[in-house]
Amino acid sequence: MAGFLRTEAGKGLALSAPASLYVGLLVAAPLGILVAYSFWTQTYVEIDKTLTWANYLEAATDPLVRHLMLRSILIAGAVTMATVALAYPIAYFIAFRTQKKTLWLLLITIPFWSSYLLRVFSWKLILGFNGVMNSALISMGVITEPLTFLLYNEFAVVLTLAHAWAPFAILPIYVSLQKIDRSLLEAATDLGLTKLERFIRVTLPLTVPGIIAASLIIFIPTVGDYVTPSLVGGSQGKMVANLIQVQFGPANNWPLGATLSLVAMASVGFVAILFVILATAMGRRIR
Amino acid sequence: MTTQNIIEISGVEKRFGTFTAVRDLNLTLKEGEFFSLLGPSGCGKTTALRMIAGFQDHDAGTIRIGGQDMAHIPANKRPTNMVFQSYAIFPHLNVGDNVAFGLRKLKLGKAETEERVAEALEMVELGGLQSRKATELSGGQRQRVALARALVMRPKVLLLDEPLSALDKNLREAMQFEMRRLQQKLGITFVMVTHDQYEAMTMSDRIGVMFKGQLKQVDKPEVLYARPCSQEVAAFIGGMNFLDAAVTGEVNGKLHADVRGFGPLSIDVNPNVARRGPQLLAGIRPEQLEISAQKPDGYDGYLQGTVTNAAFYGENVHYHVTADGLPQPIAVSVPNYFHTVDHKQGDPVWLGVQNASVIDLGAREA
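The listed protein sequences correspond, in order, to chains A and B.
Numbering-wise, the first sequence is residues 5 to 291 according to the working numbering.
Numbering-wise, the second sequence is residues 167 to 532 according to the working numbering.
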């Protein structure tokens, strides 16, 4: 036993054991339970453990599920695009235009010093009917009546999530920008390119891996976000996670909840893989 | 054929804060010339090259390329192209797209672009490797791609920033000849920055030696070696023994001087000498000295000493010889004919020198 632990394979196994155990117990096992539940049926207070596709059939045919799933993916997509678009210039600034990189990276993490719930709630205060935004605009005389399109809709969800996820987008893009050899940029200039052409033909394709990483980090958890849509989404901003929560909570239909979770997971996975393939192909087309 | 001036640099200065990287740079390069800027690291040679390329503005003076003032012309509009020290091969593009990178901006059309890329790759002996990934190239191949990518633009001047420093010794020597051949074939002006004196000497038509931001001497390699303008230039290029000498008179362009250790010698006045002083510094190349156990015949000056060190270098043998009154040993280099080291440490020897082998270096600097 002691001999085995000294071999490369043994060392590797020993080092990965804690994480494997953790992932096995806390991810794989619950996932297995979820899969099992999705094939069962809720009968008032008991669970009928006969295997059936009924839940999947319901998930596939129910227009509400399809509607919420599509909306979740669209909102998550919008959040991802908005966040990456906002994060790229910041990452660019930190990587290329400032010497105080550590300070800037520290400043970017500041929102994390307060809780996620608190930050979502702050947006509610900012965007609300009598919120900071409306009060400020009224006192400046820009508007006379409070704006009502700020809160309880998709816009509020996208805004709140984009703010919450910004650091997760900035960091991978920053790393990929930082890795670019500065002489590549000079070479592009030397070969006659303007700054914009150089950005499109050198910087952008070289940061595609960073953009993909940032997009996945934001898109995947955002599709299943539950807190933000329930706090700032109103009725128009509800997402699939809210429906899943209802199944596990008030509706007390765990099998359908489990099925919806798995369908959501599969949809996210599909969209994510499609995105990676498309983004990589687009990056390769730039010559 | 009349050769025109392609680059004219006058009074150029570059400061970084309080540090002056390049001061009063004056240099004229002819069309089709292979010119090297040689100097130790931090002497300002790379800054000078980057000012020609347009990556750095100059604070004073003018730079003209092909008669045109470059003051307000950005790097991407200059008729120069550069081979970077790191080669700067675009990692996301294959060899063909790397070489075509600048051509695509010119919108030449697919056929012409492909033709010029193929031609450029053929030129650097990478013909047919268009679809090879940039990440799959060896160091030597990367260097060739960098050359092809710059030459395909048909620049008036090709700038090379330490182009061979990343290659191993054998490859470096092969590339020296190849780049020289390429330059002569194309007739493009090459300006190379290097800290390697041998590289500069084997490839260049002329060499400019820089120290502390100042261009000290510009000459052909053989003149630079035979008639360096000062002690620091002499010390930087090849080996050199420095000996103090007392001038006793000057007749017909010859200095009569009492050279320490060797006695009275007649030294040709070196027209390149930058600074004169009351004392003369004489220089003798190690390979210009004769070393022998008995007093050799036919030399103008002699020194009797003792071998303190003998080292076998392969193509030659190096000795250090000390004598009374010499502040440091004299280095002697003898070609290796018979694979023998003839003098051992502690042996008494004679050194002989001809008048013509003694170089007038003006005043001692340090």
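No residue lacks a Cβ here, since even glycine has one placed at the ideal position from N, Cα and C.
In this text the structure is predicted, and so the values were computed from the model without any measurement.
*Does the beta-carbon distance from Lys242/A to Pro254/A come in below 9 Å?*
For the purposes of this step, residue 242/A is taken as the residue at position 238 of the first sequence. For the purposes of this step, residue 254/A is taken as the residue at position 250 of the first sequence. Pro254/A is positioned such that its CB atom lies no closer than 9 Å to that of Lys242/A.
*Mark Asn134/A as exposed unless 16 or more other C-beta atoms lie within 10 angstroms of its C-beta, in which case mark it buried.*
Residue 134/A sits at position 130 when you count from the first residue of the first sequence. Asn134/A counts as exposed, since fewer than 16 other C-beta atoms from the protein chains shown sit within 10 angstroms of its C-beta.
*Note down, in chain order, all residues in the stretch 7–31 of chain A with a beta-carbon under 8 Å from any beta-carbon belonging to chain B.*
From the stretch 7–31 of chain A, no residue has a Cβ closer than 8 Å to chain B.
*Tell me, please, whether the CB atom of Ala366/B is closer than 9 Å to any CB atom in chain A?*
Within the second sequence, the letter at position 200 stands for residue 366/B. It does not; no Cβ of chain A falls within 9 Å.
*Using the rule of at least 16 other Cβ atoms within 10 Å of the residue's Cβ for burial, across every protein chain shown, is Ala277/B buried or exposed?*
In the second sequence, the residue the question calls residue 277/B occupies position 111. Taking all protein chains in view, the Cβ of Ala277/B is surrounded by fewer than 16 other Cβ atoms within 10 Å, so the residue is classified as exposed.
*Leaving aside the five residues before and after Met167/B along the sequence, list all residues of the same chain whose C-beta is less than 6 Å from its C-beta, in chain order.*
Stepping through the second sequence from its first residue, residue 167/B is reached at position 1. For Met167/B, the predicted structure reports a pLDDT of 48, less than 50, and the residue's modelled location is therefore unreliable. The matter cannot be settled from this model.
*Run the proximity test for Met345/B: is its beta-carbon closer than 8 Å to any non-hydrogen atom belonging to the ligand SAH?*
Among the components of this structure there are no ligands whatsoever, and the ligand SAH is therefore not found.
*Where Gln46/A falls: helix, strand or coil (DSSP)*: For the purposes of this step, residue 46/A is identified with residue 42 of the first sequence, where counting begins at 1. Strand, per DSSP.
*First and last residue of the beta strand (DSSP E) that includes Thr472/B?*
Residue 472/B sits at position 306 when you count from the first residue of the second sequence. Thr472/B -> beta strand (DSSP E) spans Gly467 to Phe478.
*Could you say which of Gln170/B, Asn438/B, Pro240/B and Gly233/B lies nearest to Gln222/B if we only look at CA atoms?*
Here residue 222/B refers to the residue found at position 56 when the second sequence is read from its first residue. Nearest C-alpha to Gln222/B among Gln170/B, Asn438/B, Pro240/B and Gly233/B: Pro240/B.
*Which whole-angstrom value describes the C-beta separation of Glu179/B and Gly227/B, a residue pair presumed to lie in contact below a C-beta threshold of 8 Å?*
Mapped onto the second sequence, residue 179/B falls at position 13. Mapped onto the second sequence, residue 227/B falls at position 61. The pair is a contact, with the Cβ atoms about 6 Å apart (cut-off 8 Å).
_Contact residues within the stretch 186–200 of chain A, judged by C-beta distance below 8 Å to chain B_ = Per Cβ criterion, the list reads Ser187, Leu188, Glu190, Ala191, Ala192, Thr193, Asp194, Leu195, Gly196, Leu197 and Thr198.
_Under 9 Å, Cβ to Cβ, is there at least one residue of chain B near Leu210/A?_
For the purposes of this step, residue 210/A is identified with residue 206 of the first sequence, where counting begins at 1. So, interface residue.
*Between Val261/B and Pro213/A, what straight-line distance do the alpha-carbon atoms span, to the nearest angstrom?*
Residue mapping note: residue 261/B aligns to position 95 of the second sequence, counting from 1. Residue mapping note: residue 213/A aligns to position 209 of the first sequence, counting from 1. Distance between Val261/B and Pro213/A, taken at the CA atoms: about 21 Å.
*Measure the alpha-carbon distance for Leu19/A versus Leu175/A and round it to whole angstroms.*
In the first sequence, residue 19/A corresponds to position 15, counting from 1. In the first sequence, residue 175/A corresponds to position 171, counting from 1. Between Leu19/A and Leu175/A, the C-alpha separation is close to 27 Å.
*Between the Cα of Gln397/B and those of Thr368/B, Arg282/B and Phe408/B, spot the shortest distance and give me the residue it belongs to.*
What you label residue 397/B is simply residue 231 of the second sequence in a count that begins at 1. Among Thr368/B, Arg282/B and Phe408/B, the Cα nearest to that of Gln397/B belongs to Phe408/B.
_So within the stretch 298–335 of chain B, which uninterrupted beta strand (DSSP E) runs reach at least 3 residues, ignoring any that extend past its ends?_
If only complete runs of 3 or more residues are kept, the stretch 298–335 of chain B shows the beta strand (DSSP E) at 323–327, in order along the chain.
*For chain B, find out if any of its Cβ atoms is closer than 9 Å to the Cβ of Arg205/A; answer yes or no.*
The count along the first sequence starts at 1 and reaches residue 205/A at position 201. Chain B, which has a Cβ nearer than 9 Å to the Cβ of Arg205/A, makes this yes.
*Member of Pro430/B, His224/B and Asn418/B whose CA lies at the smallest distance from the CA of Asp412/B*: As a first step, residue 412/B is located in the second sequence; it is residue number 246 there, counting from the start. Sequence check: residue 412/B is Ala here, not Asp. Comparing C-alpha distances from Ala412/B to each of Pro430/B, His224/B and Asn418/B shows the shortest one belongs to Pro430/B.
*Spell out whether any CB of chain A is found under 9 Å from the CB atom of Met369/B.*
In the second sequence, the residue the question calls residue 369/B occupies position 203. For Met369/B, the answer is no, since every Cβ of chain A falls outside 9 Å of its Cβ.
*Any idea what DSSP makes of Lys420/B, helix, strand or coil?*
In the second sequence, residue 420/B corresponds to position 254, counting from 1. Looking at Lys420/B - three-state DSSP - the assignment turns out to be strand.
_Going by C-alpha to C-alpha distance, which of Met289/B, Pro495/B and Arg442/B sits closest to Gln350/B?_
If you number the second sequence from 1, residue 350/B lands on position 184. Check the Cα spacing between Gln350/B and each of Met289/B, Pro495/B and Arg442/B: the tightest is with Met289/B.
*Enumerate in chain order the residues of its own chain whose CB-to-CB distance from Ala285/A is below 8 Å, with the five nearest sequence positions on each side excluded.*
In the first sequence, residue 285/A corresponds to position 281, counting from 1. The same chain holds no residue with a CB closer than 8 Å to that of Ala285/A once the five nearest residues on each side in sequence are set aside.
*asked:* Once DSSP output is grouped into helix, strand and coil, what is the label at Arg181/B?
replied: The residue you call residue 181/B lines up with position 15 of the second sequence. In the three-state scheme derived from DSSP, where H, G and I count as helix and E and B as strand, Arg181/B is classed as strand.
*Could you pull out every residue in the same chain whose Cβ sits closer than 6 Å to the Cβ of Met341/B, ignoring the five residues on either side in sequence?*
Translated into positions along the second sequence, residue 341/B becomes position 175. Take Met341/B, set aside five residues on each side of it, and the residues of its chain with a beta-carbon closer than 6 Å to its own are Leu330, in chain order.
*Put Pro462/B into one of helix, strand or coil per three-state DSSP.*
Residue 462/B sits at position 296 when you count from the first residue of the second sequence. Of the three classes helix, strand and coil, the one that applies to Pro462/B here is coil, per DSSP.
*Note down the Cα distance separating Gln234/B from Glu197/B, rounded to an integer number of angstroms.*
Along the second sequence, one-based indexing puts residue 234/B at 68. Along the second sequence, one-based indexing puts residue 197/B at 31. For Gln234/B and Glu197/B, the distance between alpha carbons rounds to 14 Å.
_Identity of the residue in Asn192/B, Thr186/B and Pro501/B nearest Gly210/B by Cα_ = As a working note, residue 210/B is residue 44 in the second sequence. Comparing Cα positions, the closest option is Thr186/B.
*Compute the Euclidean distance between the alpha carbons of Leu447/B and Phe356/B, then round it to the nearest angstrom.*
Numbered from its first residue, the second sequence carries residue 447/B at position 281. Numbered from its first residue, the second sequence carries residue 356/B at position 190. Take the alpha-carbon of Leu447/B and the one of Phe356/B: they are about 35 Å apart.
*Going by the CB atoms, is the gap between Ile184/A and Leu210/A shorter than 9 Å?*
Here residue 210/A corresponds to residue number 206 of the first sequence, with the count starting at 1. Here residue 184/A corresponds to residue number 180 of the first sequence, with the count starting at 1. It is a contact, given that the beta carbons lie within the stated cut-off.
*For Trp57/A, which three-state DSSP category applies?*
Here residue 57/A refers to the residue found at position 53 when the first sequence is read from its first residue. Correct three-state label for Trp57/A: coil.
_Residue closest to Leu292/B, alpha-carbon to alpha-carbon, out of Glu456/B, Glu302/B and Val311/B_ = For the purposes of this step, residue 292/B is taken as residue 126 along the second sequence, with counting starting at 1. Closest option to Leu292/B, Cα to Cα, is Val311/B.
*Within chain A, partners of Asp263/B - CB distance below 7 Å*: Numbered from 1 along the second sequence, position 97 holds the residue referred to as residue 263/B. Against Asp263/B, the close residues of chain A are Arg291, in the order they occur along the chain (beta-carbon pairs closer than 7 Å).
*Against chain A: residues of the stretch 233–249 of chain B by CB proximity under 7 Å*: The stretch 233–249 of chain B vs chain A, Cβ under 7 Å: Ala241, Asn242, Asn247 and Met248.
*With a 10 Å radius around its C-beta and 16 neighbouring C-beta atoms as the bar for buried, classify Tyr316/A as buried or exposed.*
Look at the range of chain A in this structure, 5 to 291, and you will see that residue 316/A is not part of it.
*Anything in chain A within Cβ reach of Leu317/B, meaning under 7 Å, just list it in chain order.*
Translated into the one-based positions of the second sequence, residue 317/B becomes position 151. Within 7 Å Cβ-Cβ: nothing; Leu317/B doesn't reach chain A, min ~12 Å.
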